[in-house]
Every structure is written in structure tokens, then in C-alpha cells.
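Q: Residue numbers (my numbering): 403 to 696.
Just dropping this structure here.
Below is the structure:
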């Protein structure tokens with residue numbers, strides 16, 4: 403709520419695209435702007451690598467035989483996304499619209515079915531049976547709170563991309579961008595709450611091996627028996643939305659790099675648009691860095 407509300411105020415104040423770099427630079431100075439830009443560029447690269455790895459891991463959870471091919475699969479996905487973005491915004495936006503709706507419907511169905519099954523049919527307690535908690539390895543302090551906030555913000559990479567890409571929206575641009583941001587925050591909050599409730603009532607815990615993932619465990623618990631065929635369908639939707647989250651970085655990183663190039667903080671090549679009016683250099687650099695990291 404805090405992050406989304408802050409960016410809602412940023413959009414009308416900076417209708418030409420006002421991400422953290424622009425806002426920090428104009429209000430706090432060049433150094434603060436560059437710190438924000440550096441943090442964002444690192445975040446965009448990490449977001450691509452982590453989201454693709456997580457998406458592939460969810461598929462591997464259901465098809466363990468693919469475990470040996472998780473890195474090649476991830477790099478192949480990054481290459482495909484890079485090529486799609488080099489084709490231009492309109493084409494990539496159309497292609498990536500389907501995974502969004504597919505995941506929202508799949509996740510909503512999982513949440514509704516899971517909660518009805520747990521509460522009405524199995525009469526499970528809200529907090530299920532968990533193994534005894536391990537002893538704390540670090541004291542609860544400001545660092546842990548900041549870490550949890552940073553971890554939560556990784557789920558909201560899209561707000562920065564929306565704020566940066568306000569000029570791309572149909573007119574009235576600021577209003578449409580703000581509406582998109584609000585819808586995204588509401589959907590994210592609802593899905594987060596629903597999946598948290600499912601994890602609690604079914605007693606789902608992360609495994610040391612990471613396989614199967616928490617999301618895969620929830621799906622296997624909810625869709626048992628004759629409904630088991632829905633598990634791989636849901637996990638495919640998770641792969642789709644995580645791939646789309648990586649796509650968010652491909653929308654944000656090249657634009658941020660172009661802004662920095664215009665201000666002479668990066669090579670001017672980052673501000674050049676390709677044949678499809680996309681920032682080709684930024685797209686290629688992001689794809690290469692994410693692949694190397696993966």
C-alpha cells in the first residue's frame with residue numbers, strides 16, 4: 403500500500419516518466435539519483451534471473467526428470483524474451499497479455515477451491531500443523547525489518563516500470579497509468595493474502611532442497627485425486643507470470659539506461675532506438691547480464 407500510493411502520486415507529478423532516478427535526482431540531487439538508478443539496474447538484472455529460475459524450478463517440481471536442464475531452459479527463456487522485446491513494444495505486449503489473465507484466473511481458482519476445501523469440507527484450522535520452529539539465527543532488529551521490506555518490494559517491480567513508462571499509455575496517460583498501478587496493487591495484495599492463507603491452513607513449509615516449491619506443494623494439496631491434472635496447468639501459469647515479471651525488467655531497464663545515457667552517465671548508444679523503436683542496446687545488455695548471472 404505504501405509503495406503503490408507513493409508511485410500513484412509520482413505518476414501525475416512526472417507525466418513524462420518519473421521513476422526513482424528522475425524523482426530522486428530532481429528532489430535530492432544527482433548523487434541520490436545515481437544511487438537510485440544503480441539500485442534499480444541491479445534489481446532489474448536480478449529480477450530477470452531470479453524470476454526465470456523460479457519459474458523453471460516450479461516446472462521441475464512437477465517434472466523432476468528435467469532437473470538437469472534447468473539452467474539451459476532458463477537461458478533459452480531469456481533469449482526468447484530478449485528477441486520478442488527487440489521486435490518492439492506493441493508485439494511483445496500482445497504476446498505477454500495472455501499469461502497475465504491465465505495466471506490471475508488460475509491463482510484465483512486455486513485460492514477459492516483451496517479455502518472452500520479446507521474450511522467447509524475438511525474443517526482445517528487456519529494455522530495448520532508445522533514442524534517446531536528452529537532457533538533464531540539473528541536478532542529481530544531494524545536490519546531484519548528492512549530486509550523483509552526489500553524482499554516484499556521485489557514483488558512490486560512493476561510499479562517502477564509503470565511509472566517510467568507513463569508516456570506509453572493511451573491518453574489520458576497519467577490517469578490510465580495510475581489506474582493500471584492501482585489494479586496491479588489490488589491484484590497483488592489479493593493473491594498474496596490468498597496464497598498466504600493456503601500455506602498456513604495446509605501447513606506448507608519450504609524444503610531445504612527447494613523441490614518441490616511452496617507453490618507446487620500448495621497446488622498438489624488443493625488439487626488432489628481426480629483434479630490432479632490441474633496441478634501442471636497451474637504451474638505452467640506460474641511459469642508464465644514469472645516470465646512476464648522478467649518482461650517487466652525488459653520494459654524498465656532499457657528506459658532507465660536511455661535516461662542515464664541522455665544525462666551522460668552511460669554511453670549514448672543506450673539512448674538510440676532500433677528499427678522497432680525499442681532501446682535495442684539496453685535490451686541486449688540486460689539479456690546478456692541476466693543469462694550470465696543465471
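By construction, the Cβ of each residue, glycine as well, lies at the ideal position given by its N, Cα and C atoms.
#1: Using only the alpha-carbon positions, how far apart do residue 566 and residue 500 sit?
#2: What would DSSP say about residue 630, mapped onto helix, strand or coil?
#3: Taking just the CA atoms, how far does residue 693 sit from residue 600?
#4: Using 8 Å as the threshold, is the stretch 565–585 in touch with the stretch 404–416, meaning 3 or more CB pairs across them?
#5: Between residue 621 and residue 636, what straight-line distance do the alpha-carbon atoms span, to the nearest angstrom?
#6: Under a Cβ-count criterion, where at least 16 other Cβ atoms within 10 Å of its own Cβ denotes burial, should residue 527 be classed as buried or exposed?
#7: Given residue 459, which residues of its chain have a CB within under 8 Å of its CB, disregarding the five upstream and five downstream residues?
#8: Could I get the ranges of all uninterrupted alpha helix (DSSP H) runs contained in the stretch 409–494, with 4 residues as the minimum, in chain order?
#9: What are the uninterrupted segments assigned as alpha helix (DSSP H) that are 4 or more residues long and contained completely in the stretch 602–650, given in chain order?
#10: Is residue 575 helix, strand or coil by DSSP?
#11: Whose CA, out of 549, 483, 585 and 519, lies closest to the CA of residue 648?
#12: Quick one: using the 10 Å Cβ neighbour count with 16 as the cut-off for buried, is residue 440 buried or exposed?
#13: Would you verify that the beta carbon of residue 482 is, or is not, closer than 8 Å to some beta carbon of chain B?
#14: Note down, in chain order, each residue of its chain lying with its Cβ closer than 8 Å to the Cβ of residue 417, except the 5 sequence neighbours on either side.
#15: Could you check how far apart the C-beta atoms of residue 671 and residue 690 are, in whole angstroms? I think they sit under 8 Å.
#16: Going by beta carbon distance, what residues of the same chain come within less than 7 Å of residue 658, once the five residues before and after it are set aside?
#17: Within a Cβ cutoff of 7 Å, which residues of the same chain sit near residue 515, ignoring the five residues on either side of it in sequence?
#18: In angstroms with no decimal places, state the Cα-to-Cα distance between residue 479 and residue 453.
#19: Any idea what DSSP makes of residue 675, helix, strand or coil?
#20: Check for me: the alpha helix (DSSP H) holding residue 513 runs from which residue to which?
#21: Grouping DSSP H, G and I as helix and E and B as strand, with all else coil, what is residue 567?
#22: Going straight from the alpha carbon of residue 563 to that of residue 653, what length do you get?
#23: Taking the alpha carbon of residue 582 as the reference point, which residue from 518, 462 and 558 has its own alpha carbon closest?
#24: From residue 464 to residue 630, what does the alpha carbon distance come to, in whole angstroms?
#25: Hey, residue 596 and residue 502 are a contact pair by Cβ (cut 8 Å); roughly how many whole angstroms apart?
A: Quick look at the numbers:
#1: 23 Å
#2: coil
#3: 33 Å
#4: yes
#5: 7 Å
#6: exposed
#7: 472, 612, 613 and 615
#8: 422–430, 432–464 and 472–488
#9: 616–624
#10: helix
#11: 483
#12: exposed
#13: This model lacks chain B altogether; it includes just one protein chain.
#14: 568, 569, 575 and 576
#15: Not confirmed; about 14 Å, so no contact.
#16: 421, 423, 439, 442, 443 and 566
#17: 624
#18: 11 Å
#19: coil
#20: 499–518
#21: coil
#22: 7 Å
#23: 558
#24: 11 Å
#25: Contact doesn't hold; Cβ gap of about 17 Å is too wide.
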